[in-house]
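Numbering (UniProt numbering), first residue to last: 1 to 330.
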């Protein structure tokens, strides 16, 4: 959960800032990457941008020294673009790939050069933490109309425009002449999830706009197959016992459970009543002692002694009579 940056201003009603409200995450399941939904921005299929062929990297990092950067980037987890002397013109295409991470990250940085950043589609149920920094140069950023969150701007020499975002703090440092601006768009509330944007410009102009863009695209058939294959590989590496990706250990465990007594697992649909009519497991059979140790058993030894006592003493061997005399003497 996030906190809205503090600002020096009389208390205001959160609903009076204007602009569209922040999209609720409870409505996120209505959007499906496999079809049947899109972002809150309405766009026709013909108006969607052409989907370029992107690498499967979740994190994209581009870093150059004296060249300009002009390309499209697939925003799946994070995109970082930086150059020392050169401009940046980037078209950011959010990916609908299912992810456990709610927040995406976008970072652009130049030392001497302008930036023109465009987010071509809606973010859908995802949030975006973005940062745009330049020492000398202008920054122009176009964000989806359904973007909701906080904007923190730091500018020393130049002008700025933040679209329809509501400025709630504008403070100028008397020593450095640096202007600190805080603006809010939508209704970002304490403890809720929302996007953040940080813009830093020493010398130059800043222009942030919010425009209607097509909704978040759906996954293609190739992407669906690739995601399913990755899921199977991850399941096989972790030794999961479900699905085709489950390893052989899951099958061995299942066979052992079938051969043994019934196992009751709460929550798997089985009940103790389903095992009530099953016959009880067979009782263990008493194992007889080995034949070579039969004479060592106490009952057998007593029986043998009684048989020996019934014989005539004259028929006994000398060794037995001698042993009896030694026992009496002891």
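By construction, the Cβ of each residue, glycine as well, lies at the ideal position given by its N, Cα and C atoms. Because the structure is a prediction, the values reported are computed rather than measured.
* Do residue 137 and residue 110 come within 8 angstroms of each other at the CB atom, strictly closer than that value? -> Residue 110 sits at position 110 when you count from the first residue of the chain shown. Residue 137 sits at position 137 when you count from the first residue of the chain shown. Cβ distance < 8 angstroms, so residue 110 and residue 137 count as in contact.
* Span of the beta strand (DSSP E), counted from its first residue to its last, around residue 63 -> On the chain shown, residue 63 is found 63 positions in, with the first residue counted as 1. Looking at the DSSP string, the run of the beta strand (DSSP E) that includes residue 63 is 59 to 64.
* residue 264 (DSSP reduced to helix, strand or coil) -> Here residue 264 is taken as the residue at index 264 of the chain shown, counted from 1. Residue confidence is low: residue 264 scores 39 on pLDDT, short of 50, so the model does not pin down where it sits. No coordinate-derived value is stated.
* From the DSSP output, in three-state form, read off residue 225 for me. => By one-based count along the chain shown, residue 225 stands at place 225. When secondary structure is reduced to three states using DSSP, residue 225 falls in the helix class.
* To do: Please state if the CB of residue 194 and the CB of residue 164 are separated by a distance shorter than 8 angstroms.
  => Here residue 164 is taken as the residue at index 164 of the chain shown, counted from 1. Here residue 194 is taken as the residue at index 194 of the chain shown, counted from 1. For residue 164 and residue 194, no; Cβs fall outside 8 angstroms.
* Since residue 196 contacts residue 129 with CB under 8 angstroms, what's their CB separation in whole angstroms? -> As a first step, residue 196 must be located in the chain shown, where it is residue number 196. As a first step, residue 129 must be located in the chain shown, where it is residue number 129. About 5 angstroms separates the beta carbon of residue 196 from that of residue 129, a gap short enough to meet the 8 angstroms contact definition.
* To do: Would you mind sorting residue 146 into buried or exposed? The rule is 16 or more other CB atoms within 10 Å of its CB.
  => If you number the chain shown from 1, residue 146 lands on position 146. Buried: at least 16 other Cβ atoms inside 10 Å.
* Cβ-Cβ separation, residue 167 to residue 181 (assumed contact under 8 angstroms), whole Å -> The residue given as residue 181 occupies position 181 in the chain shown. The residue given as residue 167 occupies position 167 in the chain shown. In this structure, residue 181 and residue 167 form a Cβ contact; the two beta carbons are roughly 6 angstroms apart against a cut-off of 8 angstroms.
* Could you check what DSSP says for residue 68 in three-state terms: helix, strand or coil? => Taking the first residue of the chain shown as 1, we reach residue 68 at position 68. Reduced to three states, the DSSP call for residue 68 is coil.
* Asked: From residue 44 to residue 228, what distance separates their C-alpha atoms?
  -> Counting from 1 along the chain shown, the entry for residue 44 is found at position 44. Counting from 1 along the chain shown, the entry for residue 228 is found at position 228. Legend: pLDDT at residue 44 = 40, less than 50; position of this residue unreliable, no value from coordinates given.
* What is the rounded straight-line gap between the Cα of residue 133 and the Cα of residue 122? -> Taking the first residue of the chain shown as position 1, residue 133 is located at position 133. Taking the first residue of the chain shown as position 1, residue 122 is located at position 122. So the two alpha carbons sit approximately 23 angstroms from each other.
* Asked: Relative to the alpha-carbon of residue 205, which residue among 154, 73 and 58 has its alpha-carbon at the smallest distance?
  -> By one-based count along the chain shown, residue 205 stands at place 205. When only C-alpha atoms are compared, the closest one is 154.
* When DSSP labels each residue in this structure, what does residue 209 get in the three-state scheme? -> Within the chain shown, residue 209 is the residue found at index 209, counting from 1. Strand, per DSSP.
* With distances taken Cα to Cα, identify the nearest neighbour of residue 74 among 158, 105 and 156. => In the chain shown, residue 74 corresponds to position 74, counting from 1. When 158, 105 and 156 are compared, the shortest CA-CA separation from residue 74 is found for 105.
* To do: Within the same chain, show all residues whose beta-carbon is closer than 6 angstroms to that of residue 116, passing over the 5 residues directly before and after it, in chain order.
  => In the chain shown, counting from the first residue as 1, residue 116 sits at position 116. For residue 116, same chain residues with a beta-carbon under 6 angstroms away, outside a window of 5 residues either side, are 89 and 140 in chain order.
* Asked: What do you get for residue 96, buried or exposed, if any count of 16 or more other CB atoms within 10 angstroms of its CB means buried?
  -> Position 96 of the chain shown, counted from the start, is the residue given in the question as residue 96. Classification of residue 96: buried, given that the 10 Å Cβ count is 16 or more.
* Asked: In three-state terms, what does DSSP make of residue 75?
  -> Here residue 75 is taken as the residue at index 75 of the chain shown, counted from 1. DSSP places residue 75 in the strand class (E or B) of the three-state scheme.
* To do: Would you mind sorting residue 59 into buried or exposed? The rule is 16 or more other CB atoms within 10 Å of its CB.
  => In the chain shown, residue 59 corresponds to position 59, counting from 1. Looking at its Cβ environment, which holds fewer than 16 other Cβ atoms inside 10 Å, residue 59 is exposed.
* To do: State the start and end residues of the unbroken beta strand (DSSP E) segment that holds residue 141.
  => To locate residue 141, count along the chain shown from 1; it is residue 141. In this chain, the beta strand (DSSP E) harbouring residue 141 covers 139 to 144.
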